[in-house]
Each structure stands twice: as C-alpha cells, then as structure tokens.
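Since the structure comes first, as structure tokens, the remarks are kept for the end.
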Amino acid sequence: MSNIVDFSDVPRHLAFIMDGNGRWARERGLARAVGHRRGARAARNVVEAALKYGIPHITLFAFSTENFNRPASEVSFLMRLCTRSVKKYAKFFMENGIKFLMIGDMDRLPCELQLAINQLCDATSSFTKLTLAVAINYGARAEIANAVKKIVRKRIPESDISWETVADHLYTRELPDPDMVIRTSGEKRLSNFLLMQVAYAELYFVDKYWPDVDEETFVEVLREYAKRNRRMGKL
Ligand code: IPE
Ligand code: IPE
Ligand code: MG
4 MSNIVDFSDV
14 PRHLAFIMDG
24 NGRWARERGL
34 ARAVGHRRGA
44 RAARNVVEAA
54 LKYGIPHITL
64 FAFSTENFNR
74 PASEVSFLMR
84 LCTRSVKKYA
94 KFFMENGIKF
104 LMIGDMDRLP
114 CELQLAINQL
124 CDATSSFTKL
134 TLAVAINYGA
144 RAEIANAVKK
154 IVRKRIPESD
164 ISWETVADHL
174 YTRELPDPDM
184 VIRTSGEKRL
194 SNFLLMQVAY
204 AELYFVDKYW
214 PDVDEETFVE
224 VLREYAKRNR
234 RMGKL
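Here my numbering is used: the first residue of the sequence shown is 4, the next is one more, and so on.
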C-alpha cells in the first residue's frame, strides 16, 4: 500500500487503546513482558508517524486504573517499562518539539516514575509541534469523580457550572476532544477510557495486536478517518 497521504481532513487528535501485547507474546511462545517491550516500540512508531503526517495531538492508553488488578509482577514490570521509556525518549522529545502530558492519577505511581514524568512535562511544556499525552493509572470514572471534587472544593456556584466547567477540571483540559479512538487486538470496547471526551469521536477497531502497529497501520487509520462523515447532530 502506498504511504502517500494527501487528506484535506486530517484529525487533530487520535487516541489509541494499545491492546494485545500479551496475546502477541503468547502466540509466539514468549513471555508477556516481551510483548510489552515490543508494544513500547510500536508506541514509538506511532509517535514518529504522527510527526511525519502532521497530527498535532496523540493520546496513548498505557495503563488503566483497573490494570493494578493484574499480578504484582506484571504491574511492577509495566511501571519499570514506563519509567525506562519516559527517560529513554526524553532526548527524542526535546529534539522533535514534542510536548509531553500525563493523564491519570500520579499518586499511586512509583516515585521514580512520578519524577521522570514531572521532569519531562516541565522540560517540554513550551513545545507545540506535537502533544503526546500518555494515560497511566487512568480511569474515566475516577477522573470524573476527581473533577467533581475539585469543583466542589472551589465552591463554584451551581449557576456557573456547564460542561466546559467540568472539562476544565479533567486531566485532558489542555487537549481537544479526540477525533478518533483506535483500539487494537480486536476487542470492541472502551475499557473506561476518556468516556466523556469521546462523546462524538469516531471509533475504529483494528484486528492486529498492538506490537504489530507500524506506519502502515497509522496510514490506514488516516484513510479510515477521511472516509467518515461526522455530522455532530446536524444534517
Ligand atoms: C495492553 O496489552 C497493555 C496493557 C493493558 C498494559 P495487554 O497486556 O492488555 O495484552 P492482552 O490484552 O492480554 O493481549
Ligand atoms: C485497556 O486494555 C487498557 C490499556 C490498553 C492500557 P485492557 O486489556 O486492560 O482492557 P480489558 O481488560 O480487555 O477491557
Ligand atoms: Mg488487554
């Protein structure tokens, strides 16, 4: 397939549910950890493709709040992989003008990961070429409950509360709503990901496992997006 893309309607924000690392590994008789490592490489492919095709915002779902219910050994492996990846790619972010955002609850993350995230957020805060948001310990219901708590704590008058007020208190306040959510591995569900922000997003389910995602997959996503007719309630 040709990788030349010339679409007039390029999405502003693509959000990826990176699923299927474990099954990718199992089908090859490998440990789940190997699948996660290959998954991190696929994430890098997606970020490079976003730069190449001029997509200004990308969100990657790396670890859900519910993923803390996995065996402790897998949770600690994933935390170490996140820490290593954040540190390893810091230079790549600086060189390519990528702004890093974290969406999710930092409190339960290991100190070393919190520190690496905070450093990368600070170092890249003025960049505008591409914003990469990574969702770690993210759950949409917890996010909404937190937003309500913050609004109550600020004693914002009831008459001033609109959807925009709520949106301003979500982790995603700096991001436009996703135009499309892409989930790999053939599962067709959202698994508590950005439930309010995807109210009008296009949904696209890809059969391949996340470690097999490459530039060609990214181009397929852009082609699919270009075919959709987004009416947003209008005629
Ligand atoms: C996605 O792959 C990565 C995380 C959820 C952390 P999975 O680990 O969910 O892989 P499968 O779904 O078991 O194949
Ligand atoms: C969703 O994948 C979370 C991430 C991709 C980080 P899961 O593998 O955790 O989702 P379920 O359990 O199949 O719904
Ligand atoms: Mg999964």
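We put the CB at the ideal spot given by N, CA and C, even for glycine.
The model shown is predicted, which means the values in this text are computed figures rather than measured ones.
query, result
"Under 8 angstroms by Cβ, that's how I've got residue 229 and residue 12 pegged, so tell me the actual separation to the nearest angstrom.", "6 angstroms"
"Taking all protein chains shown into account, do 16 or more other C-beta atoms lie within 10 angstroms of the C-beta of residue 213, making it buried, or fewer, making it exposed?", "buried"
"If you drop the 5 nearest sequence neighbours on each side, which residues of the same chain put their C-beta closer than 8 angstroms to that of residue 75?", "none"
"Please state if the CB of residue 194 and the CB of residue 20 are separated by a distance shorter than 8 angstroms.", "yes"
"How should residue 94 be labelled, buried or exposed, when 16 other C-beta atoms within 10 angstroms of its C-beta is the threshold for buried?", "exposed"
"Please list, in chain order, all residues of the same chain as residue 46 whose beta carbon is under 7 angstroms from its beta carbon, the five residues on each side excluded.", "21, 63"
"Quick one, are the C-beta atoms of residue 136 and residue 104 less than 8 angstroms apart?", "yes"
"Roughly how many angstroms separate the alpha carbons of residue 65 and residue 236, rounded to a whole number?", "32 angstroms"
"Using a Cβ-Cβ cut-off of 8 angstroms (strictly less than) and excluding sequence neighbours within five positions of residue 78, which residues of its own chain qualify?", "70, 71"
"Helix, strand or coil for residue 153 per DSSP?", "helix"
"Given a threshold of 16 other Cβ atoms within 10 Å of its Cβ, counted over all protein chains shown, does residue 33 qualify as buried or as exposed?", "exposed"
"Would you report the Cα separation of residue 187 and residue 199, rounded to the nearest angstrom?", "21 angstroms"
"Between which two residues does the beta strand (DSSP E) containing residue 65 stretch?", "60 to 67"
"Which residue wins for smallest C-alpha separation from residue 183, given the options 151, 223, 163, 153?", "223"
"Are the CB atoms of residue 109 and residue 120 nearer to each other than 8 angstroms?", "yes"
"CB of residue 213 to nearest heavy atom of ligand 1: below 7 angstroms?", "yes"
"Measuring straight from C-alpha to C-alpha, what distance separates residue 138 and residue 175?", "10 angstroms"
"Grab the span of the alpha helix (DSSP H) containing residue 140 for me, first residue to last.", "Premise fails: residue 140 lies in the beta strand (DSSP E), 133 to 141, not in any alpha helix (DSSP H)."
"With residue 205 and residue 226 assumed to form a contact (beta carbons below 8 angstroms), what rounded beta-carbon distance in angstroms separates them?", "Residue 205 to residue 226, Cβ: 12 angstroms. No contact."
"Please identify the residue among 211, 196, 181 whose C-alpha is closest to the C-alpha of residue 189.", "211"
"Looking at the secondary structure, which residues open and close the beta strand (DSSP E) in which residue 167 lies?", "From DSSP, residue 167 is part of no beta strand (DSSP E) but of the alpha helix (DSSP H) over 166 to 170."
"Would you check if the stretch 149 to 166 and the stretch 121 to 130 touch, i.e. whether three or more CB-CB distances between them fall below 8 angstroms?", "no"
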